[in-house]
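Chemist:
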Amino acid sequence: MARSGPRRVALVTGASSGIGRAAALGLSRAGYALALVARSADRLEALAGTLEAQGGRARSFPLDLNDEAATQALGGAVEGTLGPVDLLVNCAGHGLAGPLELVGRGDLRSQFEVNCIAALALSGAVAARMRERGGGRIIQISSPAAITDGPFFGAYGASKAALERATDALRVELGPWGIDVVLVLPGFTDNGRLEVPMEPLYRRAPPELALYRRATDAMRASIAASFRAKARPAEEIARTIVHAATTPRPRSRYITPRGAWLAARLWPWIPSRLTDRFWRRTLLELR
2 MARSGPRRVA LVTGASSGIG RAAALGLSRA GYALALVARS ADRLEALAGT LEAQGGRARS
62 FPLDLNDEAA TQALGGAVEG TLGPVDLLVN CAGHGLAGPL ELVGRGDLRS QFEVNCIAAL
122 ALSGAVAARM RERGGGRIIQ ISSPAAITDG PFFGAYGASK AALERATDAL RVELGPWGID
182 VVLVLPGFTD NGRLEVPMEP LYRRAPPELA LYRRATDAMR ASIAASFRAK ARPAEEIART
242 IVHAATTPRP RSRYITPRGA WLAARLWPWI PSRLTDRFWR RTLLELR
């Protein structure tokens, strides 16, 4: 549980845009002082100014979560500026799609570093101080891709699945000290832009991509159509995050919106032979 007081402190990564920005705005309205983390210093400063103008308190901490030393020092920097961290919300994420055989080791490593390793490292960095103060809360942003399977999103889904399994362990390990650890799985979210995460692969264009091109083009079109039809405002996802942050007894996992909840809950019960057949018919037979 987070401590009571006039200004509890929330550290939000990925705060410069999308879900992270919306979560920061919502948490500020809920009475938190905000430590804003992302790579873009200009966007963070603009958001901090907005929060301060609304009567809140906020400070920006621009950094790359791939920087291990800076990540480890972040908790102390926030505490020295705003006070000890009561709430950590790991919104920073990186999407990458494409045939797994064409995903380079560096891209794969970066996918896991941002989506899983950095989130866990930051969780560990704040957990020690939370334990000393008698509690706190950590919220990890995952994805239904951690539960469902399918072609071309193996790297992304694997990084989020790794985050989920580690978070499940962290929740049990930290629970005795009053530290709640929560997962939030948002479906399609309107971040103000649509960039299908195959773009890096398309720009690099390895020769083998031609073997998959019709299938990957179909997947890109499907994602774009789903985004236009189903994407929810980031503010809607942020409301779930604020609820998870402020409710006295949070659930271990929130899946939002309802369509994503149904897909995530039903998919594991479908036999692999049926899901494989579905993907072959809809995508892979196009090659």
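Residue numbers for the sequence shown follow the working numbering, so the first one is 2 and each next one is one higher.
Cβ atoms here follow ideal geometry from the backbone N, Cα and C, with glycine treated the same way.
Note that the coordinates shown come from a computational prediction; the quantities given were computed from them, not determined experimentally.
As a quick exercise: from A98, I118, T51, F62, pick the residue whose alpha carbon is nearest that of G81.
Modeler: Counting from 1 along the sequence shown, the entry for residue 81 is found at position 80. For G81, the nearest C-alpha among the options comes from F62.
Chemist: Nearest to G84 by CA position, among A11, C117, T72, is which residue?
Modeler: The sequence position of residue 84 within the sequence shown is 83, counting from 1. Among A11, C117, T72, the Cα nearest to that of G84 belongs to A11.
Chemist: Judging by CA-CA distance, which residue of G27, S253, L88, I118 is the nearest neighbour of Q55?
Modeler: The residue given as residue 55 occupies position 54 in the sequence shown. Nearest C-alpha to Q55 among G27, S253, L88, I118: G27.
Chemist: Can you check whether the CB of L123 is closer than 9 Å to the CB of T320?
Modeler: Since the first residue shown for the chain is 2 and the last is 288, residue 320 is missing from the structure and cannot be characterised.
Chemist: Given that a residue counts as buried once 16 or more other Cβ atoms are within 10 Å of its Cβ, and exposed if not, what is L37?
Modeler: In the sequence shown, the residue the question calls residue 37 occupies position 36. That one is buried.
Chemist: Given this structure, state the Cα-to-Cα distance separating D68 from L88, to the nearest angstrom.
Modeler: Here residue 68 is taken as the residue at index 67 of the sequence shown, counted from 1. Here residue 88 is taken as the residue at index 87 of the sequence shown, counted from 1. C-alpha of D68 to C-alpha of L88: approximately 21 Å in a straight line.
Chemist: Could you pull the start and end residues of the beta strand (DSSP E) that L45 belongs to?
Modeler: Taking the sequence shown and counting its residues from 1, the one referred to as residue 45 is at position 44. Segment 42–54 is the alpha helix (DSSP H) holding L45; no beta strand (DSSP E) there.
Chemist: Following the continuous alpha helix (DSSP H) through Y203, name the residue where it begins and the one where it ends.
Modeler: On the sequence shown, position 202 is the one that residue 203 refers to. Segment 200–205, the alpha helix (DSSP H) holding Y203.
Chemist: Should the stretch 140–148 be regarded as contacting the stretch 162–170, the criterion being three or more beta carbon pairs within less than 8 Å?
Modeler: yes
Chemist: Run through the stretch 135–168 for me and flag every whole alpha helix (DSSP H) of 4 or more residues, listed as ranges in chain order.
Modeler: none
Chemist: Is the CB-CB distance between V86 and G136 below 9 Å?
Modeler: Within the sequence shown, the letter at position 85 stands for residue 86. Within the sequence shown, the letter at position 135 stands for residue 136. Cβ distance not < 9 Å, so V86 and G136 don't count as in contact.
Chemist: Does DSSP put L88 in a helix, in a strand, or in coil?
Modeler: Working through the sequence shown from its first residue, we reach residue 88 at position 87. If DSSP states are grouped into helix, strand and coil, L88 belongs with the strands.
Chemist: Mapping DSSP to helix, strand and coil, what is S61?
Modeler: Within the sequence shown, numbered from 1, the residue matching residue 61 stands at position 60. It is a strand residue.
Chemist: Go ahead and pull the three-state DSSP assignment for R8.
Modeler: If you number the sequence shown from 1, residue 8 lands on position 7. In this structure, R8 counts as coil in the three-state DSSP scheme.
Chemist: Leaving aside the five residues before and after A167 along the sequence, list all residues of the same chain whose C-beta is less than 8 Å from its C-beta, in chain order.
Modeler: In the sequence shown, the residue the question calls residue 167 occupies position 166. Counting only Cβ-Cβ distances below 8 Å, and skipping sequence neighbours, we find C117, L121.
Chemist: Along the beta strand (DSSP E) that carries D277, what are the first and last residues, could you check?
Modeler: In the sequence shown, the residue the question calls residue 277 occupies position 276. Counting along the chain, D277 falls outside any beta strand (DSSP E), though it belongs to the alpha helix (DSSP H) covering 273–283.
Chemist: Would the stretch 200–220 and the stretch 102–113 be scored as touching if the rule is three or more Cβ pairs under 8 Å?
Modeler: yes
Chemist: Which of the three DSSP states is assigned to V38 in this structure?
Modeler: Against the sequence shown, residue 38 aligns to sequence position 37. Of the three classes helix, strand and coil, the one that applies to V38 here is strand, per DSSP.
Chemist: Please classify F154 as buried or exposed, where buried requires at least 16 neighbouring CB atoms within 10 angstroms.
Modeler: Residue numbering aside, residue 154 sits at position 153 when the sequence shown is read from its first letter. Under this definition F154 is a buried residue.
Chemist: Among all the DSSP beta bridges, which residues are the ones paired with V182?
Modeler: The residue you call residue 182 lines up with position 181 of the sequence shown. Per DSSP, I139.
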